[in-house]
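Shown next, in structure tokens, is the structure this report addresses.
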Amino acid sequence: MPQSPDIRYDVASARSQGRRAYQEDAIVTDFPLGADLGCAVLADGMGGHAAGDVASKIVVTEVYSELKLQSGDLPSFEKNLPRLLRDAAMS
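Residue 223 in the working numbering sits at position 57 of the sequence shown, with consecutive numbering throughout.
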């Protein structure tokens with residue numbers, strides 16, 4: 167039986183300013199070198215609303231922090247990921 171190739175992924179992120187004078191969206195990624203799992207958190211900045219850029223940065227920071235905190239035990243993290251994402255979004 168042929169051996170499966172060792173699949174590796176590469177990650178990049180980009181933002182486009184669009185039509186507005188400034189960008190209100192926020193993104194953070196974390197794919198540790200050699201890790202089998204990583205995360206990307208993206209928040210839409212609610213363009214046109216007061217402090218949309220601040221709101222999106224708060225959301226990204228809080229969700230990312232919670233996911234990073236919980237990812238220390240990788241098997242448990244993978245098993246509980248749906249609940250962790252829901253909990254991070256609700257807090």
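Note that the Cβ used here is the ideal one computed from N, Cα and C, for glycine as well.
Annotated three-state conformation of A217 is coil, per DSSP. Here V194 carries a strand assignment [DSSP, helix/strand/coil].
In the DSSP assignment, L203 falls outside any beta strand (DSSP E) and carries neither an H nor an E.
Residue environment analysis places V207 among the buried positions, since at least 16 neighbouring C-beta atoms fall within 10 angstroms of its C-beta. By DSSP's assignment, A209 forms a beta bridge with A192.
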